Amino acid sequence: MAVPRSRVLDLLKVQCRIFNTTYNPQALRMGTRILHERLKGDAVAEYYPPRIGTIKQLRLLYPDYEVRDEKEDEWLEHMQIARSRGKAPPKKKRTAAESKKFTKKR
Amino acid sequence: MSQFRSKVLDIGCFANIRNIRDHTKRKVFAANEPERQALRYIIRNTTLPQRVRAQAQLQLAQMHCYTRFTQIKNRCIMGGKGRGILSDFRMGRYQFRMNALAGNLPGVKKASW
């Protein structure tokens with residue numbers, strides 16, 4: 001037995017309401033396929049494992065504790081020795097006037 | 001493009017410039033994915049005026065190449081290799097073999113029959 005088209009369309013409408021899809025009996029290209037795609041950005045961005053347990057993170061997490069960084073301590077000690085010998089790097093120039101690079105020596 | 005790269009190292013695995021670059025691309029892609037999908041929707045929707053769709057096409061074409069998914073490549077997290085990656089384990093085939101034989105990969109067993 002042939003079913004009238006209007007009944008089929010009614011059925012389609014109900015189907016769309018139930019399954020939360022767009023009612024589009026003319027099958028126009030509406031691009032809803034793209035809206036239905038899941039966003040994969042978060043999963044893609046998690047590919048490489050994050051860097052955890054660095055001294056900076058530990059200090060942020062436990063501000064009450066003193067976290068020693070052996071490398072930093074070593075560097076500070078080295079800098080102190082260099083400074084006492086007058087071999088430390090010069091202070092950073094903040095302005096063009098301070099910088100001697102563009103002033104002619106004569 | 002270094003304008004997207006994080007100023008401090010933020011991956012905990014094997015880090016060479018190619019791995020860091022790929023990680024940067026992944027982050028940029030994740031940040032721009034909704035915008036790209038919205039533009040793609042406008043382009044594919046034939047019920048919208050042609051002018052709007054053409055503008056969306058231009059806008060999508062002018063987005064940075066790092067926002068594109070095709071820029072992303074799976075790389076080995078143990079050795080940085082770009083080819084022969086088993087994506088389930090995120091490792092190159094040799095690293096996978098070494099780690100599997102060492103028992104570092106749960107559930108992986110050498111076949112024997």
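Chains as they are written, first to last, in UniProt numbering: chain A, 1 to 106; chain B, 1 to 113.
Where is the CB? At the ideal position from N, CA and C, for every residue including glycine.
Just so we're clear, the structure is a prediction, and the values are computed from it rather than from any experiment.
| query | result |
| --- | --- |
| Residue range of the alpha helix (DSSP H) that LEU39 (chain A) falls in? | Taken as a continuous stretch (DSSP letters only), LEU39 (chain A) belongs to no alpha helix (DSSP H), as it is neither H nor E. |
| What residue does the alpha helix (DSSP H) around TRP75 (chain A) start on, and which one ends it? | 70 to 84 |
| Beta carbons nearer than 9 Å to chain A: which residues of the region 70 to 82 of chain B have them? | ILE72, ASN74, ARG75 and ILE77 |
| Compare the beta carbon distance of VAL44 (chain A) and PHE4 (chain B) with 9 Å and say whether it is the shorter of the two. | no |
| In angstroms with no decimal places, state the Cα-to-Cα distance between VAL8 (chain A) and HIS36 (chain A). | 24 Å |
| Do you know how far the Cα of LEU39 (chain A) is from the Cα of LYS81 (chain B)? | 27 Å |
| Provide the residue span of the alpha helix (DSSP H) that contains SER6 (chain A), from first to last. | 5 to 19 |
| Under 9 Å, CB to CB, which of the residues in the region 21 to 33 of chain A have a partner in chain B? | LEU28, ARG29, MET30, GLY31, THR32 and ARG33 |
| According to DSSP, which residues form a beta bridge with ILE43 (chain B)? | Answer by DSSP bridge pairing: none, since ILE43 (chain B) is not bridged. |
| Within a Cβ cutoff of 6 Å, which residues of the same chain sit near MET78 (chain B), ignoring the five residues on either side of it in sequence? | PHE14, MET91 and GLN95 |
| With DSSP as the reference, label LEU28 (chain A) as helix, strand or coil. | coil |
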